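Residue numbers (the working numbering): 130 to 548. Notes follow the structure.
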Amino acid sequence: MNSPNNIDIPRIEQTILKLSKLVKEVAVFMHQGQLFALIYPDLEEAKKQKLIRIENEIRWYAVELYNLKAKNHQKIKGYQIVRSPLPKQNNGEISRAELELFLKEQRSKKIGGESEPEDGVYQTVKKFLSTRTTEPVLPSSHLEFDLHLDSLNYIELFTFIEQSFGVTVDETCFSQMMVLHELSRYVREKKQKQAFADIDWSSILHEKIDFDLHVSPVPVMIYKTLFLPLYKLYFSLRISGDENIPKAPCIIAPSHQSMLDGFILAAALPYNVLKHTFFLAFEMVFGTKIMSPVIRNSQTILINVNKDLKASVQKSAVPLKRGQNLVVFPEGARSRDRELLEFKRFFAILSVELNIPVVPTVLDGTFESMPAGRLFPRPSPVVVKYLAPIYPEGLSYDELTEKVREAIATEMRRHPLHG
Numbered sequence: 130m131n132s133p134n135n136i137d138i139p140r141i142e143q144t145i146l147k148l149s150k151l152v153k154e155v156a157v158f159m160h161q162g163q164l165f166a167l168i169y170p171d172l173e174e175a176k177k178q179k180l181i182r183i184e185n186e187i188r189w190y191a192v193e194l195y196n197l198k199a200k201n202h203q204k205i206k207g208y209q210i211v212r213s214p215l216p217k218q219n220n221g222e223i224s225r226a227e228l229e230l231f232l233k234e235q236r237s238k239k240i241g242g243e244s245e246p247e248d249g250v251y252q253t254v255k256k257f258l259s260t261r262t263t264e265p266v267l268p269s270s271h272l273e274f275d276l277h278l279d280s281l282n283y284i285e286l287f288t289f290i291e292q293s294f295g296v297t298v299d300e301t302c303f304s305q306m307m308v309l310h311e312l313s314r315y316v317r318e319k320k321q322k323q324a325f326a327d328i329d330w331s332s333i334l335h336e337k338i339d340f341d342l343h344v345s346p347v348p349v350m351i352y353k354t355l356f357l358p359l360y361k362l363y364f365s366l367r368i369s370g371d372e373n374i375p376k377a378p379c380i381i382a383p384s385h386q387s388m389l390d391g392f393i394l395a396a397a398l399p400y401n402v403l404k405h406t407f408f409l410a411f412e413m414v415f416g417t418k419i420m421s422p423v424i425r426n427s428q429t430i431l432i433n434v435n436k437d438l439k440a441s442v443q444k445s446a447v448p449l450k451r452g453q454n455l456v457v458f459p460e461g462a463r464s465r466d467r468e469l470l471e472f473k474r475f476f477a478i479l480s481v482e483l484n485i486p487v488v489p490t491v492l493d494g495t496f497e498s499m500p501a502g503r504l505f506p507r508p509s510p511v512v513v514k515y516l517a518p519i520y521p522e523g524l525s526y527d528e529l530t531e532k533v534r535e536a537i538a539t540e541m542r543r544h545p546l547h548g
């Protein structure tokens with residue numbers, strides 16, 4: 130174990146501060162034998178950028194971006210975003226002797242102690258939020274940092290507010306009032322009615338939307354013809370389990386280790402499957418001027434986690450409702466250490482509500498070839514294996530999510546490509 134004396138803590142903190150304007154203060158210290166960061170965010174900057182996934186931005190564009198270039202013993206192994214400024218000495222410097230106690234206080238659950246509005250709007254919104262989080266819901270609760278709501282919860286919340294109060298809340302508007310008392314005040318001022326609407330994903334997914342699904346199989350078929358032989362040669366690519374892909378529409382759910390994954394999977398799918406398959410991709414990564422021509426001709430649907438959330442989910446359902454397949458990376462991000470990340474339940478909602486089977490897919494080896502931060506892949510063995518489909522009947526969103534993750538994890542443990 131490296132001693133803190135061998136680690137330049139101030140340099141690490143300055144690097145993280147320079148990487149993201151969303152980090153207002155940061156303190157790095159040894160916690161349980163590992164480097165840990167306390168981060169106090171700049172919420173005014175988040176409002177300026179109209180962000181609603183602030184933690185996501187800080188994680189990937191501050192902490193993980195720093196970790197990409199850091200030596201292993203200098204990597205941040207854990208972090209916590211806090212709602213209070215960090216403890217200071219009289220000279221304004223961070224009081225490092227107080228950090229451990231400060232962290233403990235931030236993690237302790239402080240229930241009560243706040244006077245709550247008694248008006249119907251606040252109480253109705255609070256009641257709804259209490260069904261979406263296990264955290265105590267208070268007027269001062271930040272919906273992301275304190276209640277830990279995700280993008281899907283936001284869609285549910287926006288839909289609930291619209292149907293219960295006749296008030297439209299979009300991502301831009303929401304980014305300016307992510308604390309509960311601010312949101313409830315806005316709804317109270319704008320409300321046209323008051324009720325407690327029942328929200329379900331089936332209704333959301335079956336709403337009519339204006340979306341032209343651009344079916345263009347020829348470019349992706351040509352791509353497969355040209356690149357599959359190269360991938361087999363360069364990556365010693367091995368593909369198995371084609372027989373597990375249903376002839377009916379399905380959701381293909383691969384593990385995610387590298388920027389290579391989507392490109393390799395497109396080449397690895399059988400021709401008769403590929404021509405009927407659409408891919409989901411993040412607009413932030415693939416919506417650039419360089420990538421746009423590729424995306425337009427590759428049967429890909431772009432999604433943005435900070436705007437048009439509901440439309441993104443509804444667009445994702447269109448291929449499945451029209452007899453096509455859909456590739457969704459359940460982790461939503463590339464692994465930084467080849468270990469599986471948490472699986473998001475988005476694909477499970479589509480599967481359950483549309484009664485579409487999920488094909489868990491092992492995509493392994495791309496981490497060694499092209500981990501995050503590397504610009505060109507190195508030759509390294511890659512495996513694509515389609516596992517037996519999992520059907521959603523009788524399963525909840527969470528149960529299906531866990532079954533798919535466990536299927537992939539079990540296969541990777543059973544046949545490790547890299548030990």
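Glycine residues also receive a C-beta, built at the ideal position from the N, C-alpha and C atoms. This one's a predicted model, so the numbers in the text were calculated from it and none came from an experiment.
task = Helix, strand or coil for residue 408, going by three-state DSSP, please let me know.
result = The count along the sequence shown starts at 1 and reaches residue 408 at position 279. DSSP places residue 408 in strand when its eight states are reduced to three.
key: Uninterrupted alpha helix (DSSP H) stretches inside the segment 355-438 (no shorter than 4 residues)   = Here the runs fully enclosed are 390-397, 400-403, 412-415, 421-425.
key: Residue interval of the alpha helix (DSSP H) (run including residue 199)   = For the purposes of this step, residue 199 is taken as residue 70 along the sequence shown, with counting starting at 1. It is not in any alpha helix (DSSP H) - residue 199 carries neither H nor E in the DSSP assignment.
key: Cα-Cα separation between residue 478 and residue 484, rounded to whole angstroms   = The sequence position of residue 478 within the sequence shown is 349, counting from 1. The sequence position of residue 484 within the sequence shown is 355, counting from 1. Distance between the alpha carbons of residue 478 and residue 484: 9 Å.
Other residues of its chain near residue 298: CB distance less than 6 Å, five sequence neighbours each side excluded = As a working mapping, residue 298 is identified with position 169 in the sequence shown. Result list for residue 298: 287, 290, in chain order.
ask   = Leaving out five residues before and five after residue 143 in sequence, what residues of the same chain have Cβ atoms less than 7 Å from its Cβ?
value = Here residue 143 corresponds to residue number 14 of the sequence shown, with the count starting at 1. Within the same chain, and ignoring the five residues on either side of residue 143 in sequence, no residue has its Cβ closer than 7 Å to its Cβ.
request  = Determine the extent of the beta strand (DSSP E) in which residue 160 is found, giving its start and end residues.
outcome  = Here residue 160 refers to the residue found at position 31 when the sequence shown is read from its first residue. Where residue 160 is concerned, the enclosing beta strand (DSSP E) stretches over 152-160.
inquiry  = Please identify the residue among 223, 268, 306 whose C-alpha is closest to the C-alpha of residue 243.
reply    = Indexing the sequence shown from 1 puts residue 243 at position 114. Answer by Cα proximity: 268.
Buried or exposed (CB count within 10 angstroms, at least 16 for buried), residue 445 = Counting from one through the sequence shown, the residue named residue 445 turns up at place 316. Buried, by the Cβ-count rule.
task = Using the DSSP secondary-structure output, state which residues sit across from residue 488 in a beta bridge.
result = As a working note, residue 488 is residue 359 in the sequence shown. DSSP, once it has assigned bridges, lists 381 as partnering residue 488.
query = Taking the alpha-carbon positions, what's the residue 546 to residue 387 distance?
reply = As a position in the sequence shown, residue 546 is number 417, starting the count at 1. As a position in the sequence shown, residue 387 is number 258, starting the count at 1. Spanning the two alpha carbons is a distance of roughly 15 Å.
ask   = Are there 16 or more other CB atoms within 10 angstroms of the CB of residue 418, so buried, or fewer, so exposed?
value = As a working note, residue 418 is residue 289 in the sequence shown. Flag for residue 418 reads exposed.
key: residue 189 versus residue 437: straight-line alpha-carbon distance, rounded   = Looking up residue 189 in the sequence shown gives position 60. Looking up residue 437 in the sequence shown gives position 308. Going from the Cα of residue 189 to the Cα of residue 437 covers about 21 Å.
query = How close, in whole Å, do the beta carbons of residue 530 and residue 458 come, if the pair is a contact with beta carbons under 8 Å?
reply = Here residue 530 refers to the residue found at position 401 of the sequence shown. Here residue 458 refers to the residue found at position 329 of the sequence shown. Wrong, their Cβ atoms sit about 13 Å apart, outside the cutoff.
ask   = In angstroms, rounded to a whole number, what distance separates the CA positions of residue 361 and residue 202?
value = Counting from one through the sequence shown, the residue named residue 361 turns up at place 232. Counting from one through the sequence shown, the residue named residue 202 turns up at place 73. In this structure, the CA atom of residue 361 is about 36 Å from the CA atom of residue 202.
Residue 271 in three-state terms, based on DSSP = Looking up residue 271 in the sequence shown gives position 142. In the structure shown, residue 271 falls within a strand segment according to DSSP collapsed to helix, strand and coil.
query = Which same chain residues, not among the five before or five after residue 349, have their C-beta less than 7 Å away from its C-beta?
reply = Walking along the sequence shown from the start, residue 349 turns up at place 220. Within the same chain, residue 349 has close Cβ partners 395, 403, 427, 428.
query = Which partner residues does residue 523 have in the DSSP bridge list?
reply = Residue 523 sits at position 394 when you count from the first residue of the sequence shown. Under DSSP, residue 523 forms no beta bridge with any residue.
request  = Measure how close the beta-carbons of residue 323 and residue 294 come, nearest whole angstrom, since I'm counting them as under 8 Å.
outcome  = Here residue 323 refers to the residue found at position 194 when the sequence shown is read from its first residue. Here residue 294 refers to the residue found at position 165 when the sequence shown is read from its first residue. That pair is a contact at about 6 Å.
task = Quick one: using the 10 Å Cβ neighbour count with 16 as the cut-off for buried, is residue 207 buried or exposed?
result = Walking along the sequence shown from the start, residue 207 turns up at place 78. Around the beta carbon of residue 207, a 10 Å sphere encloses fewer than 16 other beta carbons of the protein chains shown; the residue is thus reported as exposed.
ask   = How long is the line joining the alpha carbons of residue 232 and residue 135, rounded to whole angstroms?
value = In the sequence shown, residue 232 corresponds to position 103, counting from 1. In the sequence shown, residue 135 corresponds to position 6, counting from 1. Residue 232 and residue 135 have their C-alpha atoms some 23 Å from each other.
task = Using 10 angstroms around the beta-carbon of residue 407, count the other beta-carbons present and answer buried if the total reaches 16, otherwise exposed.
result = Position 278 of the sequence shown, counting from 1, holds the residue named residue 407. Looking at its Cβ environment, which holds 16 or more other Cβ atoms inside 10 Å, residue 407 is buried.
message = With H, G and I counted as helix, E and B as strand and the rest as coil, what does DSSP make of residue 340?
response = On the sequence shown, residue 340 is found 211 positions in, with the first residue counted as 1. Residue 340 falls in the coil class under three-state DSSP.
Three-state secondary structure (DSSP) of residue 163 = Reading the sequence shown from its first residue, position 34 is the one you call residue 163. Strand at residue 163.
query = Could you give the distance in angstroms between the alpha-carbon of residue 313 and the alpha-carbon of residue 399?
reply = Working through the sequence shown from its first residue, we reach residue 313 at position 184. Working through the sequence shown from its first residue, we reach residue 399 at position 270. Between residue 313 and residue 399, the C-alpha separation is close to 51 Å.
query = Out of curiosity, what's the CA-to-CA distance linking residue 278 and residue 284?
reply = Numbered from 1 along the sequence shown, position 149 holds the residue referred to as residue 278. Numbered from 1 along the sequence shown, position 155 holds the residue referred to as residue 284. If I take the Cα positions, the gap works out to 10 Å.
message = Do residue 544 and residue 463 have their beta-carbon atoms positioned less than 9 Å apart in this structure?
response = Residue mapping note: residue 463 aligns to position 334 of the sequence shown, counting from 1. Residue mapping note: residue 544 aligns to position 415 of the sequence shown, counting from 1. Remark: C-beta atoms of residue 463 and residue 544 do not approach each other more closely than 9 Å.
message = Measuring only the C-alpha atoms, how far is residue 440 from residue 354?
response = The residue labelled residue 440 in the question sits at position 311 within the sequence shown. The residue labelled residue 354 in the question sits at position 225 within the sequence shown. The straight-line gap separating the alpha-carbon atoms of residue 440 and residue 354 is approximately 33 Å.
Residues near residue 482 by beta carbon distance below 6 Å, same chain, minus five either side = In the sequence shown, the residue the question calls residue 482 occupies position 353. The beta carbon of residue 482 sits closer than 6 Å to those of 330, 331, 334, all from its chain and outside the five residues before and after it, given in chain order.
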